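For the sequence shown, this note's numbering begins at 4 and goes up steadily by one.
The beta-carbon is built from N, C-alpha and C at its ideal position, and this holds for glycine as well.
The model shown is predicted, which means the values in this text are computed figures rather than measured ones.
Taking it in order: structure first as structure tokens, then the write-up.
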Amino acid sequence: MQIPKITKEYSVSCVVPCYNEEVSIGKTIEMLAKNGYSGLKKIIVVDDRSTDRSYEIIKKYEKKYYSCFSCCFVFCRIGLFWQSGSESYTNCFWYRKSW
């Protein structure tokens, strides 16, 4: 079976979940931002109240890649809600620049 050649570039947004990822979140954002794909429109990082330095690292990359970057900082551990079977998204605060 032959794989067809892609002839059109599509717009893509990447959602990156984060909880205590200070070791890897910077590398993840950097790799996405520098992947060379011109269709990348948005990198969205969702931080689930990390207790390490993830927040500070995310904010640093937000300044560096402001044109394609958004953050969602959750004010209560939404992962725990999902574990309990709840599907509540009301505790999510979207933070983004207005461009």
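| Query | Result |
| --- | --- |
| Closest to Ser27 by CA distance: which of Cys75, Ser14, Ile61 is it? | Ile61 |
| Give me, in chain order, the residues of the same chain whose beta-carbon lies closer than 6 Å to that of Trp97; leave out the 5 immediate sequence neighbours on both sides. | Interpretation of Trp97 is limited by its pLDDT of 46, a score under 50 that renders its predicted location unreliable; the figure taken from the coordinates is listed afterwards. Closer than 6 Å at the Cβ level, and outside the excluded window around Trp97, lie Cys75. |
| Just mark Ser57 as buried or exposed, buried being the case when its beta carbon has 16 or more other beta carbons within 10 Å. | buried |
| Use the C-beta contact count for Leu15: other C-beta atoms within 10 angstroms, 16 or more gives buried, fewer gives exposed. | Residue identity check: residue 15 is Val in the sequence provided, not Leu. So Val15 counts as exposed. |
| Can you tell me whether DSSP reads Tyr98 as helix, strand or coil? | Caution is warranted here: a pLDDT of 45 is assigned to Tyr98, below 50, making its placement in the model unreliable, and no coordinate value can be reported. |
| So, with DSSP's three-state summary, where would you put Ile6? | coil |
| Decide if Thr93 is buried, meaning its Cβ has at least 16 other Cβ atoms within 10 Å, or exposed. | For Thr93, the pLDDT reaches just 47, beneath the cut-off of 50, and the residue's location in the model is therefore unreliable, leaving the point undetermined. |
| What residue does the alpha helix (DSSP H) around Lys11 start on, and which one ends it? | From DSSP, Lys11 is part of no alpha helix (DSSP H); its letter is neither H nor E. |
| Shortest alpha-carbon distance to Gly42 belongs to which of Met4, Ile6, Thr10, Gln5? | Thr10 |
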